[in-house]
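Peer 1: Sharing a structure below in structure tokens format, with a few things to ask.
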Amino acid sequence: GNSVTQMEGPVTLSEEAFLTINCTYTATGYPSLFWYVQYPGEGLQLLLKATKADDKGSNKGFEATYRKETTSFHLEKGSVQVSDSAVYFCALSGKAAGNKLTFGGGTRVLVKP
Amino acid sequence: ETGVTQTPRHLVMGMTNKKSLKCEQHLGHNAMYWYKQSAKKPLELMFVYSLEERVENNSVPSRFSPECPNSSHLFLHLHTLQPEDSALYLCASSQDDRGTDTQYFGPGTRLTVL
Numbered sequence: 008g009n010s011v012t013q014m015e016g017p018v019t020l021s022e023e024a025f026l027t028i029n030c031t032y033t034a035t036g037y038p039s040l041f042w043y044v045q046y047p048g049e050g051l052q053l054l055l056k057a058t059k060a061d062d063k064g065s066n067k068g069f070e071a072t073y074r075k076e077t078t079s080f081h082l083e084k085g086s087v088q089v090s091d092s093a094v095y096f097c098a099l100s101g102k103a104a105g106n107k108l109t110f111g112g113g114t115r116v117l118v119k120p
Numbered sequence: 089e090t091g092v093t094q095t096p097r098h099l100v101m102g103m104t105n106k107k108s109l110k111c112e113q114h115l116g117h118n119a120m121y122w123y124k125q126s127a128k129k130p131l132e133l134m135f136v137y138s139l140e141e142r143v144e145n146n147s148v149p150s151r152f153s154p155e156c157p158n159s160s161h162l163f164l165h166l167h168t169l170q171p172e173d174s175a176l177y178l179c180a181s182s183q184d185d186r187g188t189d190t191q192y193f194g195p196g197t198r199l200t201v202l
């Protein structure tokens, strides 16, 4: 079946540091890939997505590229802010799994001033 | 009001109580979802409704009973819960239940079962 593996946190960074959160997946067929973010006390929000190989999703300074050859969708941001402190979830969805979203375990990121 | 709303935001109940969680979406979507988010576990999909028909029931115990009276509203009826059911319950909606559709989440209901 489908699965998503992402690095465990917490990840603690200083403001303006470079952030990478690794995400790899296992899936049949060609899934769509997503990054969701959950700020404290809130639900999940879509951060970015990519629906086919080599697509790059980007939003709010975050980027992730759909790498089929390495089955990865790593999230990056060049210069983080305190307001980026949140839990980040990698997810996939595909026809082979009935179009359900399968989530990774989440990575907590803490950005210190 | 826009987006996906959930009420109540917090709920404390005993194991013999009956309560309901409510979700409402103002996005004109056709699909709605219930998820359970527990500490240190991945999000678990519980139920999926598409055009008010239940299309997914992920082996959820019968003490959780969903209801979708129309495409804008989704309920989760709770009865005789266990302490391990304490979690954040998230509702989401999407245009349809295709894999590429973005799901929009509500803020969740924090449930504590005593």
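Chains as they are written, first to last, in the numbering used here: chain X, 8 to 120; chain Y, 89 to 202. Glycine included, every Cβ here is placed at the ideal spot set by N, Cα and C.
Alpha carbon to alpha carbon, what distance is there between X:Ser79 and X:Val94?
Peer 2: As a working mapping, residue 94 of chain X is identified with position 87 in the first sequence. As a working mapping, residue 79 of chain X is identified with position 72 in the first sequence. If you take the alpha carbons of X:Val94 and X:Ser79, they lie about 19 angstroms apart.
Peer 1: With distances taken Cα to Cα, identify the nearest neighbour of Y:Glu141 among Y:Pro157, Y:Thr188, Y:Leu99 and Y:Leu109.
Peer 2: The sequence position of residue 141 of chain Y within the second sequence is 53, counting from 1. Ranking Y:Pro157, Y:Thr188, Y:Leu99 and Y:Leu109 by Cα distance to Y:Glu141 puts Y:Pro157 first.
Peer 1: Give me the subset of the segment 50 to 81 of chain X whose CB atoms are less than 8 angstroms from a CB atom of chain Y, sorted by chain position.
Peer 2: Gly50, Leu51, Gln52, Leu53, Lys56 and Thr58
Peer 1: With a threshold of 16 other CB atoms inside 10 Å of the CB of X:Pro38, please say whether the residue is buried or exposed.
Peer 2: Position 31 of the first sequence, counted from the first residue, corresponds to residue 38 of chain X. X:Pro38 is buried by the Cβ-count criterion.
Peer 1: Just how far apart, CA to CA, sit Y:His161 and Y:Gln113?
Peer 2: Sequence index remark: in the second sequence, residue 161 of chain Y carries index 73 (1-based). Sequence index remark: in the second sequence, residue 113 of chain Y carries index 25 (1-based). C-alpha of Y:His161 to C-alpha of Y:Gln113: approximately 7 angstroms in a straight line.
Peer 1: Which partner residues of Y:Gly154 appear in the DSSP bridge assignment?
Peer 2: To locate residue 154 of chain Y, count along the second sequence from 1; it is residue 66. Residue 154 of chain Y is actually Pro in this sequence, not Gly. Answer is Y:Leu164, bridged to Y:Pro154.
Peer 1: CA-CA distance, Y:Leu109 and X:Leu54?
Peer 2: Looking up residue 109 of chain Y in the second sequence gives position 21. Looking up residue 54 of chain X in the first sequence gives position 47. The straight-line gap from Cα to Cα measures roughly 26 angstroms.
Peer 1: Please identify, using Cβ separations under 7 angstroms, the residues of the segment 176 to 192 of chain Y that lie next to chain X, in order along the chain.
Peer 2: Leu178, Asp185, Arg186, Gly187, Thr188, Thr190 and Gln191
Peer 1: When you compare each of Y:Ser174, Y:Pro130 and Y:Met134 to Y:Val100 by their alpha carbons, which one comes out closest?
Peer 2: Here residue 100 of chain Y corresponds to residue number 12 of the second sequence, with the count starting at 1. Comparing Cα positions, the closest option is Y:Ser174.
Peer 1: Are the C-beta atoms of X:Lys119 and some chain Y residue less than 8 angstroms apart?
Peer 2: Translated into positions along the first sequence, residue 119 of chain X becomes position 112. So, not an interface residue.
Peer 1: Select from X:Gly85, X:Asn66, X:Gln45 and X:Lys63 the residue whose C-alpha is nearest the C-alpha of X:Thr114.
Peer 2: Taking the first residue of the first sequence as 1, we reach residue 114 of chain X at position 107. For X:Thr114, the nearest C-alpha among the options comes from X:Gln45.
Peer 1: Verify the CB distance criterion: does Y:Leu131 have a CB-CB separation below 8 angstroms to chain X?
Peer 2: Here the question's residue 131 of chain Y lines up with position 43 in the second sequence. Yes, contact with chain X.
Peer 1: Whole angstroms are fine: how far does the CA of Y:Leu202 sit from the CA of Y:Gln170?
Peer 2: On the second sequence, residue 170 of chain Y is found 82 positions in, with the first residue counted as 1. On the second sequence, residue 202 of chain Y is found 114 positions in, with the first residue counted as 1. Taking the straight line joining both Cα atoms gives about 8 angstroms.
Peer 1: Whose C-alpha, out of X:Val18, X:Asn29 and X:Ser21, is nearest the C-alpha of X:Cys97?
Peer 2: As a position in the first sequence, residue 97 of chain X is number 90, starting the count at 1. Closest by alpha carbon: X:Asn29.
Peer 1: Is any beta-carbon of chain Y found at less than 8 angstroms from that of X:Gly85?
Peer 2: Here residue 85 of chain X is taken as the residue at index 78 of the first sequence, counted from 1. Closer than 8 angstroms: no.
Peer 1: Please confirm if Y:Pro171 has its CB atom under 8 angstroms from at least one CB of chain X.
Peer 2: On the second sequence, position 83 is the one that residue 171 of chain Y refers to. Answer no: the Cβ-Cβ gap between Y:Pro171 and chain X never drops below 8 angstroms.
Peer 1: Taking the straight line between their C-alpha atoms, what separation do you get for Y:Ala180 and Y:Leu164?
Peer 2: By one-based count along the second sequence, residue 180 of chain Y stands at place 92. By one-based count along the second sequence, residue 164 of chain Y stands at place 76. Roughly 13 angstroms between the two C-alpha positions.
Peer 1: Tell me, please, whether the CB atom of X:Ser92 is closer than 8 angstroms to any CB atom in chain Y?
Peer 2: Here residue 92 of chain X refers to the residue found at position 85 when the first sequence is read from its first residue. Chain Y, which has no Cβ nearer than 8 angstroms to the Cβ of X:Ser92, makes this no.
Peer 1: Can you tell which of Y:Pro195, Y:Cys111, Y:Gln183 and Y:Tyr177 has its C-alpha closest to the C-alpha of Y:Gln125?
Peer 2: Within the second sequence, the letter at position 37 stands for residue 125 of chain Y. Measuring from the Cα of Y:Gln125, the nearest candidate turns out to be Y:Tyr177.
Peer 1: Does X:Ser39 get closer than 8 angstroms to chain Y when you measure Cβ to Cβ?
Peer 2: As a working mapping, residue 39 of chain X is identified with position 32 in the first sequence. Nearest CB-CB separation between X:Ser39 and chain Y: below the 8 angstroms threshold.
Peer 1: Smallest Cα separation from Y:Met120: which of Y:Lys107, Y:Gln94 and Y:Thr104?
Peer 2: On the second sequence, position 32 is the one that residue 120 of chain Y refers to. That would be Y:Gln94, whose Cα lies nearest to the Cα of Y:Met120.
Peer 1: Which same chain residues end up closer than 7 angstroms to X:Gln56 when comparing Cβ atoms and leaving out the 5 residues on each side of it in sequence?
Peer 2: Against the first sequence, residue 56 of chain X aligns to sequence position 49. The sequence given here places Lys at residue 56 of chain X; Gln does not occur at that position. Result list for X:Lys56: Ser39, Leu40, Phe41 and Gly64, in chain order.
Peer 1: Please check if any C-beta of chain X sits within less than 8 angstroms of the C-beta of Y:Pro195.
Peer 2: Numbered from its first residue, the second sequence carries residue 195 of chain Y at position 107. Taking Cβ atoms only, chain X reaches closer than 8 angstroms to Y:Pro195, which makes this a yes.
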